[in-house]
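**Student:**
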Amino acid sequence: MFKHLKAVSGDPLLALIVAHKQDTNPNKIDLGVGVYKDDNGATPVLSSVKKAEAILLEQEDSKSYLGIYGAAEFEAIIQNLILGEGNPLIASERVRSTQTPGGTGALKVAADFISANLKDARLWVSDPTWGNHQSIFNSAGVEVKSYPYYDPKTNGLRFDDMMATLKAEVKEGDVLLLHACCHNPTGIDLQQGHWEVLTNFVNERGLLPLVDAAYQGFGDGLDEDLAGLRHMAANVKNILIANSFSKNFGIYRERCGGLSIMAENKDEANAAFSIVGQAIRANYSMPPAHGAAVVYTIMSRPELKAEWEQEVTEMRNRINGLREKLVAKLAASGVSKDFSFIKDQRGMFSYSGLTLEQVRTLRSDYSIYIADTGRMSISGVSDNNIDYLCESIAKVVG
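Numbering (UniProt numbering), first residue to last: 1 to 398.
1) I need the DSSP call for Asp212, collapsed to helix, strand or coil.
2) Tell me whether Met376 is buried or exposed, calling it buried when 16 or more other Cβ atoms sit within 10 Å of its Cβ.
3) Out of Asp127, Met232, Val144, Asp120, state which residue places its alpha-carbon closest to the alpha-carbon of Asn184.
4) Are the beta-carbon atoms belonging to Ile261 and Ala272 less than 7 Å from one another?
5) Do Gly257 and Ala106 come within 7 Å of each other at the CB atom, strictly closer than that value?
6) So does the segment 45-55 actually touch the segment 290-309, counting three or more Cβ pairs closer than 8 Å?
7) What three-state label does DSSP hand Thr43 in the structure shown?
8) If you compare alpha carbons, which of Ala292, Trp124, Ser367, Asn283 is closest to Val170?
9) Taking 6 Å as the limit between beta carbons, can you name the residues of its chain near Arg96, skipping five residues before and five after?
10) Check each candidate in Glu58, Gly131, Ala72 and name the one with the smallest Cα separation from Thr373.
11) For His133, name the three-state secondary structure that DSSP assigns.
12) Measure the C-alpha to C-alpha separation of Phe74 and Tyr296 and round it to an integer number of angstroms.
13) Specify, as a first and last residue, the run of the alpha helix (DSSP H) that Lys231 falls within.
14) Go through its chain and collect everything with a Cβ distance to Ala293's Cβ below 6 Å, but skip five positions before and after it.
15) By the 10 Å Cβ neighbour count, where 16 or more other Cβ atoms means buried, how is Phe2 classified, buried or exposed?
16) Tell me which residues share the same chain as Thr165 and place their Cβ nearer than 8 Å to its Cβ, disregarding the 5 neighbours each side in the sequence.
17) Any idea what DSSP makes of Glu143, helix, strand or coil?
18) Would DSSP call Gln310 helix, strand or coil?
19) Can you list, in chain order, the residues of its chain with a C-beta nearer than 7 Å to that of Phe113? Leave out the 5 residues immediately preceding and following it.
20) Are Ser350 and Ile378 closer than 7 Å when you measure CB to CB?
21) Taking only the alpha-carbon atoms, compute the straight-line gap between Asp11 and Ser92 and give it to the nearest angstrom.
22) Can you name, in chain order, every residue of its own chain whose Cβ lies under 6 Å from the Cβ of Leu229, other than the five neighbours on each side?
23) Between His290, Leu326, Arg316, which has its C-alpha nearest Leu66's C-alpha?
24) Could you compute how far the alpha carbon of Ile298 sits from the alpha carbon of Ala234?
25) Determine which residues share a DSSP beta bridge with Gln96 and list them.
26) Per DSSP, Trp124 forms a beta bridge with which residues?
27) Just verifying my parser: in three-state terms, what is the DSSP assignment at Met163?
28) Put Met376 into one of helix, strand or coil per three-state DSSP.
29) Could you tell me whether the segment 364-373 touches the segment 29-44, using the rule of 3 or more Cβ pairs below 8 Å?
30) Please classify Thr154 as buried or exposed, where buried requires at least 16 neighbouring CB atoms within 10 angstroms.
31) What is the rounded straight-line gap between the Cα of Gln59 and the Cα of Ala71?
32) For the alpha helix (DSSP H) that Leu240 lies in, which residues bound it at each end?
33) Compare the C-alpha of Glu204 against each of Glu224, Ile90, Glu172 and name the closest.
34) Mind checking who Tyr296 pairs with in its DSSP beta bridge?
35) Which of the three DSSP states is assigned to Gly156 in this structure?
36) Keeping to the same chain, check which residues put their C-beta closer than 6 Å to that of Leu176; ignore five residues upstream and five downstream.
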């Protein structure tokens, strides 16, 4: 029955992780994996998470199902974190939120919702975007189109080209996917003025914005990172927001995320939310409990929330500090290329501007593992390997 099947190529980033693990070079560096690492190359469990888990160990009294939408009390946690405590949109009851298995689960539910209810909608994503975006929406039968975003000549944003393409090709009812902050994979973010222009365009063209907020807190701050998203939410009739707790709480394997849907009024929001529930039931029935319980425990206890906010600040400052160090040490190495743009990018990733040939030479000759696109995970850089990294790049780039 399966004789006709042919193996498909796996995710190239996952293959990169495997290749790094099998490499015996003691100087090897993994700049491909998309998780936060400390200076020892470990992905730590946050102290606030450990304390929350200790509380749960003592107080949790059931392992029963949560229900389709997850824990009822978690809805407010999602909305307060994404929209900001006291946001009038929350009080208006125009927004409904559900717990999901990670940000990926939120996107899959959004994809099914769009496919079933917005029949002719096409999804527009940045070029490039997170590698899984297209697969998720294609699997739901949603056509995916792209708009210009990254400029390899300037290592910056092609906003004028982006808007020209959207104005020429996007039609009413289409879905516009935007990265809230810390754009994956480029690290190049939309600025507040860009969000204002896009908000006006969404309203003029009659589009549904879908904002992917996977890295809140890793750019400039928990509130600062979502200023553009919050402006858009305050000024449009409808919006979908997929968020992840994997990164800013460091609970990757617990698969905890959220999907929020905003409508023109309470009744429309509740109707749409019921349809979201149908998509959830057909996908995974009910979400896992532990990650959301950890987040709720932290966010509902002022002392744990304060400690968590400090830990997010420390992770963010480390990444931004590494960007500064990397630029300075590359310049000091005598490399011919100007890498100063790296310090202006935000989040865990950087489009380094390295060519495919340079990336492959770094991999084969120096055991430095960077994605073929030149995307590197900044948190994989450390005080222990930064000199070797910069010296190797200088030798390859010239």
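Beta carbons are placed, not taken as given, at the ideal position from N, Cα and C, and that holds for glycine. Treat the numbers as computed from the prediction; the structure is a model and nothing was measured.
**Tutor:** So, from the listed chains and residues:
1) Here residue 212 is taken as the residue at index 212 of the sequence shown, counted from 1. It is a strand residue.
2) Locating residue 376 in the sequence shown gives position 376, where the first residue counts as 1. It counts as buried.
3) Within the sequence shown, numbered from 1, the residue matching residue 184 stands at position 184. Of Asp127, Met232, Val144, Asp120, the residue nearest in Cα terms is Asp127.
4) Within the sequence shown, numbered from 1, the residue matching residue 261 stands at position 261. Within the sequence shown, numbered from 1, the residue matching residue 272 stands at position 272. Going by C-beta atoms, Ile261 is nearer than 7 Å to Ala272.
5) Translated into positions along the sequence shown, residue 106 becomes position 106. Translated into positions along the sequence shown, residue 257 becomes position 257. Yes, the pair counts as a contact, with Cβ atoms nearer than the cut-off.
6) yes
7) For the purposes of this step, residue 43 is taken as residue 43 along the sequence shown, with counting starting at 1. Three-state result, Thr43: coil.
8) Here residue 170 refers to the residue found at position 170 when the sequence shown is read from its first residue. The option with the nearest alpha carbon to Val170 is Trp124.
9) To locate residue 96, count along the sequence shown from 1; it is residue 96. Answer for Arg96: Ile261, Ala269, Phe273, listed in chain order.
10) The sequence position of residue 373 within the sequence shown is 373, counting from 1. Among Glu58, Gly131, Ala72, the Cα nearest to that of Thr373 is on Gly131.
11) Residue 133 sits at position 133 when you count from the first residue of the sequence shown. Correct three-state label for His133: helix.
12) Looking up residue 74 in the sequence shown gives position 74. Looking up residue 296 in the sequence shown gives position 296. Whole-angstrom Cα-Cα distance: 6 Å.
13) Counting from 1 along the sequence shown, the entry for residue 231 is found at position 231. Reading off the sequence shown, one finds His at residue 231, where the question assumed Lys. Note, His231: alpha helix (DSSP H), 227-235.
14) Position 293 of the sequence shown, counting from 1, holds the residue named residue 293. Excluding residues within five positions, the ones whose Cβ falls inside 6 Å are Leu56.
15) Here the question's residue 2 lines up with position 2 in the sequence shown. Under this definition Phe2 is an exposed residue.
16) Numbered from its first residue, the sequence shown carries residue 165 at position 165. Cβ neighbours of Thr165 beyond the five flanking positions: Tyr147, Pro148.
17) As a first step, residue 143 must be located in the sequence shown, where it is residue number 143. Strand, per DSSP.
18) Residue mapping note: residue 310 aligns to position 310 of the sequence shown, counting from 1. DSSP places Gln310 in helix when its eight states are reduced to three.
19) Position 113 of the sequence shown holds residue 113. Beyond the five residues adjoining it in sequence on each side, Phe113 comes within less than 7 Å, by CB distance, of Ile275, Val276, Ala279 in the same chain, given in chain order.
20) Looking up residue 350 in the sequence shown gives position 350. Looking up residue 378 in the sequence shown gives position 378. It is a contact, given that the beta carbons lie within the stated cut-off.
21) Stepping through the sequence shown from its first residue, residue 11 is reached at position 11. Stepping through the sequence shown from its first residue, residue 92 is reached at position 92. One C-alpha to the other measures close to 42 Å.
22) On the sequence shown, position 229 is the one that residue 229 refers to. Cβ within range, chain order: Ala180, Val211.
23) Taking the sequence shown and counting its residues from 1, the one referred to as residue 66 is at position 66. Here the closest residue by C-alpha is His290.
24) Here residue 298 refers to the residue found at position 298 of the sequence shown. Here residue 234 refers to the residue found at position 234 of the sequence shown. Spanning the two alpha carbons is a distance of roughly 27 Å.
25) The residue labelled residue 96 in the question sits at position 96 within the sequence shown. The question names Gln, yet the displayed sequence has Arg at residue 96. Answer by DSSP bridge pairing, in chain order: Ile261.
26) Indexing the sequence shown from 1 puts residue 124 at position 124. Under the DSSP definition of a beta bridge, Trp124 partners with Lys145, Leu176.
27) As a working note, residue 163 is residue 163 in the sequence shown. If DSSP states are grouped into helix, strand and coil, Met163 belongs with the helices.
28) Here residue 376 refers to the residue found at position 376 when the sequence shown is read from its first residue. Residue state, collapsed to three classes: strand.
29) yes
30) For this step, residue 154 is matched to residue 154 along the sequence shown. Looking at its Cβ environment, which holds fewer than 16 other Cβ atoms inside 10 Å, Thr154 is exposed.
31) Here residue 59 refers to the residue found at position 59 when the sequence shown is read from its first residue. Here residue 71 refers to the residue found at position 71 when the sequence shown is read from its first residue. Distance between the alpha carbons of Gln59 and Ala71 is about 16 Å.
32) As a position in the sequence shown, residue 240 is number 240, starting the count at 1. Not the alpha helix (DSSP H): Leu240 falls in the beta strand (DSSP E), residues 239-244.
33) Translated into the one-based positions of the sequence shown, residue 204 becomes position 204. That would be Glu172, whose Cα lies nearest to the Cα of Glu204.
34) For this step, residue 296 is matched to residue 296 along the sequence shown. Beta-bridge pairing links Tyr296 to no other residue.
35) Along the sequence shown, read from residue 1 onward, the residue named residue 156 stands at position 156. Reduced to three states, the DSSP call for Gly156 is strand.
36) Within the sequence shown, residue 176 is the residue found at index 176, counting from 1. For Leu176, where only same-chain residues beyond five positions count, the Cβ hits under 6 Å are Trp124, Leu207, Pro209.
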